[in-house]
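Chemist:
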Amino acid sequence: MSIKSDKWIKKMAEQCGMIEPFAPNQIRCDAEQNCISYGVSSYGYDVRCADEFKIFTNINSAIVDPKNFSTDSFIDVKSDVCIIPPNSFVLARTIEYFRIPRNVLTICLGKSTYARCGIIVNVTPLEPEWEGHVTLEFSNTTNLPAKIYANEGVAQMLFLESDEACDISYKDRNGKYQGQTGVTLPKS
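Heads up, the sequence shown is in my numbering, so the first residue is 250 and it goes up one at a time.
Quick look at the structure:
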């Protein structure tokens with residue numbers, strides 16, 4: 250496996266629709282705009298967060314059960330800014346829609362701007378032939394409210410290409426999160 254460069258990412262986005270919408274360069278803001286960068290970087294792609302959030306709340310004293318997750322545990326918010334309660338988390342999604350090639354595994358890491366504030370981004374790997382909007386989980390590890398911004402960079406995708414295609418892809422297995430749009434809750 251090899252990690253792929255900006256040239257490969259641009260080629261795959263333009264020829265195969267791997268990332269839509271696609272920013273072929275790193276979009277940086279000036280001092281007045283004060284935003285967090287997104288788009289192609291040297292060896293990855295910095296994704297943006299959409300303005301749809303599901304804020305975790307324990308208002309109903311529910312038990313967190315991945316096999317029977319209650320939608321009552323979230324409050325839906327549509328905004329350019331989301332406040333994560335102390336020691337809690339928020340689900341969101343990428344603006345970008347991904348179509349991962351059959352011989353590629355994609356790994357997501359949080360951006361340092363958020364990590365340095367105690368905000369951790371968690372995403373499971375995007376398997377070969379998975380497609381959809383990526384559901385992002387932001388954990389606020391601090392005892393203070395934390396802020397995240399829609400339409401700005403939040404995490405970086407790294408693309409690992411294998412020398413050979415896998416025998417069975419996510420699409421072949423009819424994965425339960427295939428083609429997801431919007432913020433997607435756990436499915437059992």
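Even for Gly, the Cβ is constructed at its ideal location relative to N, Cα and C.
Please give me, in chain order, every unbroken run of the beta strand (DSSP E) with length at least 3 that falls completely inside the stretch 328-404.
Modeler: You should have 330-333, 338-348, 353-359, 368-371, 380-389, 395-398.
Chemist: Within this structure, are the beta carbons of residue 401 and residue 276 separated by less than 7 Å?
Modeler: By 1-based counting over the sequence shown, the position of residue 401 is 152. By 1-based counting over the sequence shown, the position of residue 276 is 27. No, they are not a contact pair.
Chemist: Mind checking whether residue 351 and residue 378 have CB atoms under 7 Å apart?
Modeler: Here the question's residue 351 lines up with position 102 in the sequence shown. Here the question's residue 378 lines up with position 129 in the sequence shown. Their beta carbons are under 7 Å apart, which means residue 351 touches residue 378 by this criterion.
Chemist: Tell me whether residue 265 is buried or exposed, calling it buried when 16 or more other Cβ atoms sit within 10 Å of its Cβ.
Modeler: Counting from 1 along the sequence shown, the entry for residue 265 is found at position 16. Classification for residue 265: exposed.
Chemist: With a CB to CB cut of under 8 Å and the five nearest residues on each side skipped, what residues in its chain are close to residue 328?
Modeler: Looking up residue 328 in the sequence shown gives position 79. Result list for residue 328: 300, 302, 399, in chain order.
Chemist: Give me the DSSP bridge partner(s) of residue 287.
Modeler: Within the sequence shown, residue 287 is the residue found at index 38, counting from 1. Per DSSP, 276.
Chemist: Evaluate residue 413 with the Cβ neighbour count: other Cβ atoms within 10 Å of its Cβ, from every protein chain shown; 16 or more gives buried, anything less gives exposed.
Modeler: For the purposes of this step, residue 413 is taken as residue 164 along the sequence shown, with counting starting at 1. Per the 10 Å Cβ criterion, exposed.
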